[in-house]
Amino acid sequence: MEKTELNVLIGGEAGQGLVTIGKLLAKSLVRSGYHIVVSQSYQSRIRGGHNTYTIRASVEEIAAPREGVDLLVALNAETVALHERELSAGGLNIVDKAFQTTSNNCLQVPYEELGEKNFSNVVALGAVSLLLGLELEVVGKALDDAFGKKAPELAEKNMQILQDSYKWCGQQEANFSTLAPPSDIRKRLLMNGNEAIAMGALSAGVKFCSFYPMTPATSIALNLATQASKMGLVVEQAEDEIAAINMAIGASFAGASSIVPTSGGGFALMTEGVSLAGMSETPLVIVVAQRPGPATGLPTRTEQADLEFVLHAGHGEFPRAIFSPGTVEECFWLTRKAFEVAAKSQGPVFILTDQFLADSARAIEPFVLKGLQTVEDGIVRDSSDLPYFRYNIYESGISPRRLPGMSKYLVVAGSDEHPIDGHLTEDLNVRKFMVEKRLRKEEEIIAEVVPPEIQGDENPDLLLVTWGSTKGAILEAATKLNNNSTRVGSLHFSQVWPLVPHQFLGALESAGEVVCVEGNAFGQLARLIRRETGFAVHRQVLRYDGLPITPEYIIRALGSS
Amino acid sequence: MVSIEDYGEFETAWCPGCGNHSILQALKRGLVDSGLGPDQILLVSGIGQAAKTVHYLNANAFNGLHGRALPAASGAKLANPNLKVIVESGDGCNYGEGGNHFLAAIRRNIDLTMIVHNNQVYGLTKGQASPTTQEGFVTKAQPEGVASVPFNPIAVAVAMQASFVARGFSGMVDHLAGLIKHALSHQGFSLIDVLQPCVSFNKVNTFGWYKERCYTLPEEYDPTDWQAAMQTAMEWGDRIPLGIIYRNQRPVFESRLAVLEQGALVGRETDLKKLEKIMDKFS
Numbered sequence: 000m001e002k003t004e005l006n007v008l009i010g011g012e013a014g015q016g017l018v019t020i021g022k023l024l025a026k027s028l029v030r031s032g033y034h035i036v037v038s039q040s041y042q043s044r045i046r047g048g049h050n051t052y053t054i055r056a057s058v059e060e061i062a063a064p065r066e067g068v069d070l071l072v073a074l075n076a077e078t079v080a081l082h083e084r085e086l087s088a089g090g091l092n093i094v095d096k097a098f099q100t101t102s103n104n105c106l107q108v109p110y111e112e113l114g115e116k117n118f119s120n121v122v123a124l125g126a127v128s129l130l131l132g133l134e135l136e137v138v139g140k141a142l143d144d145a146f147g148k149k150a151p152e153l154a155e156k157n158m159q160i161l162q163d164s165y166k167w168c169g170q171q172e173a174n175f176s177t178l179a180p181p182s183d184i185r186k187r188l189l190m191n192g193n194e195a196i197a198m199g200a201l202s203a204g205v206k207f208c209s210f211y212p213m214t215p216a217t218s219i220a221l222n223l224a225t226q227a228s229k230m231g232l233v234v235e236q237a238e239d240e241i242a243a244i245n246m247a248i249g250a251s252f253a254g255a256s257s258i259v260p261t262s263g264g265g266f267a268l269m270t271e272g273v274s275l276a277g278m279s280e281t282p283l284v285i286v287v288a289q290r291p292g293p294a295t296g297l298p299t300r301t302e303q304a305d306l307e308f309v310l311h312a313g314h315g316e317f318p319r320a321i322f323s324p325g326t327v328e329e330c331f332w333l334t335r336k337a338f339e340v341a342a343k344s345q346g347p348v349f350i351l352t353d354q355f356l357a358d359s360a361r362a363i364e365p366f367v368l369k370g371l372q373t374v375e376d377g378i379v380r381d382s383s384d385l386p387y388f389r390y391n392i393y394e395s396g397i398s399p400r401r402l403p404g405m406s407k408y409l410v411v412a413g414s415d416e417h418p419i420d421g422h423l424t425e426d427l428n429v430r431k432f433m434v435e436k437r438l439r440k441e442e443e444i445i446a447e448v449v450p451p452e453i454q455g456d457e458n459p460d461l462l463l464v465t466w467g468s469t470k471g472a473i474l475e476a477a478t479k480l481n482n483n484s485t486r487v488g489s490l491h492f493s494q495v496w497p498l499v500p501h502q503f504l505g506a507l508e509s510a511g512e513v514v515c516v517e518g519n520a521f522g523q524l525a526r527l528i529r530r531e532t533g534f535a536v537h538r539q540v541l542r543y544d545g546l547p548i549t550p551e552y553i554i555r556a557l558g559s560s
Numbered sequence: 000m001v002s003i004e005d006y007g008e009f010e011t012a013w014c015p016g017c018g019n020h021s022i023l024q025a026l027k028r029g030l031v032d033s034g035l036g037p038d039q040i041l042l043v044s045g046i047g048q049a050a051k052t053v054h055y056l057n058a059n060a061f062n063g064l065h066g067r068a069l070p071a072a073s074g075a076k077l078a079n080p081n082l083k084v085i086v087e088s089g090d091g092c093n094y095g096e097g098g099n100h101f102l103a104a105i106r107r108n109i110d111l112t113m114i115v116h117n118n119q120v121y122g123l124t125k126g127q128a129s130p131t132t133q134e135g136f137v138t139k140a141q142p143e144g145v146a147s148v149p150f151n152p153i154a155v156a157v158a159m160q161a162s163f164v165a166r167g168f169s170g171m172v173d174h175l176a177g178l179i180k181h182a183l184s185h186q187g188f189s190l191i192d193v194l195q196p197c198v199s200f201n202k203v204n205t206f207g208w209y210k211e212r213c214y215t216l217p218e219e220y221d222p223t224d225w226q227a228a229m230q231t232a233m234e235w236g237d238r239i240p241l242g243i244i245y246r247n248q249r250p251v252f253e254s255r256l257a258v259l260e261q262g263a264l265v266g267r268e269t270d271l272k273k274l275e276k277i278m279d280k281f282s
């Protein structure tokens, strides 16, 4: 019988080309009409170690990774030893004929006979493509798109090996049921969270990005750098994270809408700059792609433990907004929104993602750009005879921005407390006035808050609550747990600050049991909800071993306590 | 025509007799002599007594964080290359807290002018050692005398082949105004290290101490000779050379970015058709 959904795990050591074939397979699946969720697990090293590229493929829409392996593609013997026990009933192990295996359902492929040394990955790609029921032309096209222009000779060789392997595999009698045909074939994009953030920023009209490389945030800057000359922006690798955020603030002050991608440790260095953006009222979008801490932690794994850090980062009091996209699509749209809110509120706005979402490629509907506007920069360009003061007082707390050097008006901004003209002051009445002015801007942020997404029954017996990338996992767990006797709902926060209680408190109060599911050990969203509303969630499902939360993890945790 | 009056006169928080007063005068004159008006320039500073300079004249200004004037200035310049960007801060801010940015700015060679008020001591925090404080100098924080060797900004900048390196003295305002004018017309990163007395906290390197030692480099001195410049950069003690110590014609950072050929980044329409094509590559 054909499967409507299955999990493929490709394992090997860094340098064996497992990500290369993982991407080609992902692209082929998406082009063939399947939905996918990729999760990548890799070690912090260039060569060796043990890495995996897991593709969950489905006929129906999916939004979470899952446990268990239906097709294990082992590029080295270690992969067999580590993952064989994860094979599901009817799962198949693709191995080199030289590897030891205890699995009774095995396809032993002569890697070196079909391809020479160093081409095992392409041999494996041919085998897995056939087993999944993908057409050779589709996989060949993906291969050609990736390498045909860059290295034509190498591409030709790869193509031959792919064809030989596909053909050889077709002559074997593998005990494996392929994927059912897709429900529809239409154009979808293969995109991960970081790519979607970069595209969202471009659509919003980003003009400046400064960064210091740090996993898992780096590829946001790399994606922007690739398009910089085409799309008219400057991307600069700074000497450190402190320079990165201060450069972006300088650029934004001079009119370029700016983004700074980083991760926990790098963000820690930026916190004084966050405070400067708050004080100088400079729009700035900061992406914090979380990984497990403290300190260097697990550099290449995932966690959701920086919510409290980002919420409190920067000394002193000033408004901020924190978005926490749950899907690749939300990465795109909420990045646009982050630029809007930053421009409107003239201050720091955060996008909080994590390694799992950053690297998780999905099949997504193409974003409709037609009719989209560049985000309003809120800059005043008219001419008037009135004098201009950068921090002029209005009821909203928002003072119209002008740009230095773009008109006769002088613009003065700074980190010291200042009266309306931006120069420093120690007048304590002015101080009080300016604190209140800055804090009034929070009303503008609150007016723009994205409400949490509530799904399922209005009075569920069980309500699963989460934020950020764990969205897919609670949605699927809720669907699986929902039955006639237990109604299960879900609540996902794609913006974790500011919280607007009337948007979600009713849902919490009308549920029988509220369970907060988070990728950290403190239960940081649960603490925040309690602080802001007084509502204490009843139970928590937490994960902090560096891996993403799966639906099975949630179901198991709920069943065991 | 720009006049010195355009830059205004303001009450300052500086001590009477502080070298900052003269540096501010020299800055205004250098700007006027360059034909630059307050709306054409952006002054960027960090924190410290010197960093307050930007508040004491009419101009666009961004008074950022301690040590971080250079990154903020670099970002502003890249966002709008038409701005004349000047960094104005002290030795502690630029060479201590901001040391890494100083090295990076020299390497990048963005067209910025950096004027460092170097009084060899921390003024605003009341008298601790700065990176340029001389060995043995006693302070409340270093009661047994400073043990570290002073940082030589000129030697570091010349060694790294910074594109314009000069030294001035607050006691020679005409000379300093001339250096500032030269630096402003130079394409690329220009450093002017300005020696100044701190009347409150530096009783060793006083006005008289500098006056006695400072001399201007002779006419025949060739600032394009790097080896001679290295030697001049190491000269300190009984005689301290003033003037343009080194310069070269390295390409400026901005010239390598095609995007900046059209000037300021702000206000450019986002080409969604191009973005659509970029996104299509993900299919």
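So the sequences go chain by chain: A and B.
Numbering that gives the first Met the number 0 puts the first residue of the first sequence at 0, with every later residue one more than the last.
Numbering that gives the first Met the number 0 puts the first residue of the second sequence at 0, with every later residue one more than the last.
Here a beta-carbon is modelled for each residue, glycine too, at the ideal position from N, C-alpha and C.
Small disclaimer: the values here were computed from a predicted structure and weren't measured.
Closest by C-alpha distance to alanine 56/A, when choosing among Gly505/A, Val7/A and Gln42/A: Checked all of Gly505/A, Val7/A and Gln42/A; the closest Cα to alanine 56/A is Val7/A.
According to DSSP, methionine 113/B sits in a beta bridge with which residue or residues? Methionine 113/B is bridged to Val86/B and Leu190/B.
If we define contact as Cβ-Cβ less than 9 Å, is lysine 76/B a contact residue for chain A? Residue contact with chain A for lysine 76/B: present (Cβ-Cβ distance below 9 Å to some residue of chain A).
Report buried or exposed for tryptophan 9/B, applying the criterion of at least 16 other Cβ atoms within 10 angstroms of its Cβ. A quick correction: the sequence has phenylalanine, not tryptophan, at residue 9/B. Phenylalanine 9/B should be labelled exposed.
With distances taken between CB atoms, is the gap from lysine 180/B to aspartate 5/B smaller than 9 Å? With respect to aspartate 5/B, lysine 180/B sits apart: the two C-beta atoms are not nearer than 9 Å.
Any idea if threonine 326/A is buried or exposed, counting beta-carbon neighbours within 10 angstroms, 16 or more meaning buried? By the 16-neighbour rule on beta-carbons within 10 angstroms, threonine 326/A is buried.
If you drop the 5 nearest sequence neighbours on each side, which residues of the same chain put their C-beta closer than 7 Å to that of arginine 542/A? Excluding residues within five positions, the ones whose Cβ falls inside 7 Å are Gly518, Ile548 and Tyr552.
With DSSP collapsed to three states, give me the class of glycine 518/A. Three-state result, glycine 518/A: coil.
Note the first and the last residue of the continuous beta strand (DSSP E) segment covering tyrosine 52/A. It spans 47-57 - the beta strand (DSSP E) in which tyrosine 52/A sits, taken as one unbroken run.
Cβ-based neighbour list, tyrosine 220/B, same chain, cut-off 8 Å, excluding 5 preceding and 5 following: Ala227, Thr231 and Gly242.
Chain B contact residues for alanine 255/A, given Cβ-Cβ distances below 7 Å: Chain B residues near alanine 255/A: Ala78, Leu264 and Val265.
Label methionine 0/A either buried or exposed according to how many other C-beta atoms from any shown protein chain fall within 10 Å of its C-beta, with 16 as the threshold for buried. Around the beta-carbon of methionine 0/A, fewer than 16 other beta-carbon atoms lie within 10 Å, marking it exposed.
Counting only Cβ-Cβ distances shorter than 8 Å, please list the residues of the stretch 398-414 of chain A near chain B, keeping chain order. Within the stretch 398-414 of chain A, the residues whose Cβ lies closer than 8 Å to some Cβ of chain B are Leu402, Pro403, Gly404, Met405, Ser406, Lys407, Tyr408, Leu409, Val410, Val411, Ala412, Gly413 and Ser414, listed in chain order.
Would you be able to state if there are at least three C-beta pairs under 8 Å between the stretch 472-485 of chain A and the stretch 351-364 of chain A? With the cut-off at 8 Å, the stretch 351-364 of chain A and the stretch 472-485 of chain A do not touch.
Return the Cβ separation of alanine 154/A and leucine 142/A in integer angstroms, given the expectation that the two are a contact with Cβ distance under 8 Å. 7 Å between Cβ atoms; contact.
With a threshold of 8 Å, are at least 3 pairs of Cβ atoms found where one atom belongs to the stretch 248-255 of chain A and the other to the stretch 394-408 of chain A? Short answer: they touch.
On the CB-based measure, 16 or more other CB atoms within 10 Å of its CB, does histidine 501/A come out buried or exposed? Answer is exposed; the Cβ neighbour count stays below 16.
Can you pull out the residues from the stretch 221-237 of chain A whose beta carbon lies closer than 9 Å to at least one beta carbon of chain B? In summary, the residues of the stretch 221-237 of chain A whose CB is separated from some CB of chain B by less than 9 Å are Thr225, Gln226, Ala227, Ser228, Lys229, Met230, Gly231, Leu232, Val233, Glu235 and Ala237, in the order they occur in the chain.
Which ranges would you report for the alpha helix (DSSP H) in the stretch 217-300 of chain A if only whole runs of at least 4 residues count? Here the runs fully enclosed are 217-230, 240-252 and 263-279.
Chain B residues whose Cβ lies nearer than 7 Å to that of histidine 422/A: The answer, in chain order, is His54.
What three-state label does DSSP hand arginine 538/A in the structure shown? Three-state result, arginine 538/A: strand.
Beta-carbon neighbours of serine 209/A, restricted to chain B and to distances below 7 Å: Within 7 Å Cβ-Cβ: Gly74.
With a floor of 4 residues, list each alpha helix (DSSP H) that falls wholly inside the stretch 390-442 of chain A, ordered by position along the chain. Runs found: 427-439.
Three-state class that DSSP yields for valine 367/A in the structure shown: Three-state result, valine 367/A: coil.
Closer than 7 Å by beta-carbon distance: list the chain A residues that pair up with glutamate 268/B, in chain order. When 7 Å is used as the limit between beta carbons, glutamate 268/B is near these residues of chain A: Thr373, in chain order.
Which one of Gln236/A, Ser209/A, Leu498/A and Tyr408/A has the shortest CA to CA distance from proline 562/A? Here chain A has residues from 0 to 560 only, and residue 562/A is not among them.
Out of curiosity, what's the CA-to-CA distance linking leucine 527/A and valine 309/A? Here the C-alpha atom of leucine 527/A lies approximately 13 Å from the C-alpha atom of valine 309/A.
Measuring straight from C-alpha to C-alpha, what distance separates alanine 237/A and cysteine 208/A? Taking the straight line from one Cα to the other gives about 10 Å.
Shortest alpha-carbon distance to glycine 91/B belongs to which of Leu42/B, Ala58/B and Gly126/B? Taking only the C-alpha atoms, the option nearest glycine 91/B is Gly126/B.
Nearest-angstrom beta carbon gap, isoleucine 61/A and histidine 34/A [assumed within contact, 8 Å]: Histidine 34/A to isoleucine 61/A, Cβ: 5 Å. Contact.
Say yes only if the C-beta of lysine 206/A is nearer than 8 Å to one or more non-hydrogen atoms of the ligand GTP, and no if none qualify. In the structure shown, the ligand GTP is absent, as is every other ligand, since no ligand is present at all.
Which residue comes first and which comes last in the alpha helix (DSSP H) that contains tyrosine 245/B? Not the alpha helix (DSSP H): tyrosine 245/B falls in the beta strand (DSSP E), residues 239-246.
Checking 9 Å against the spacing of the C-beta atoms, do valine 148/B and threonine 138/B come in under that value? No, the pair does not count as a contact, with Cβ atoms beyond the cut-off.
Determine the direct distance from the alpha carbon of glycine 204/A to that of glycine 18/B, and round the result to whole angstroms. So the alpha carbons of these two residues sit roughly 45 Å apart.
What residues in its chain sit with their C-beta under 6 Å from that of serine 199/B, if we drop five residues either side in the sequence? Within the same chain, and ignoring the five residues on either side of serine 199/B in sequence, the residues whose Cβ sits closer than 6 Å to its Cβ are Cys14.
Residues of chain A with CB closer than 8 Å to the CB of lysine 273/B, please, in chain order. Contact of lysine 273/B with chain A by beta-carbon distance below 8 Å involves Lys229 and Met230.
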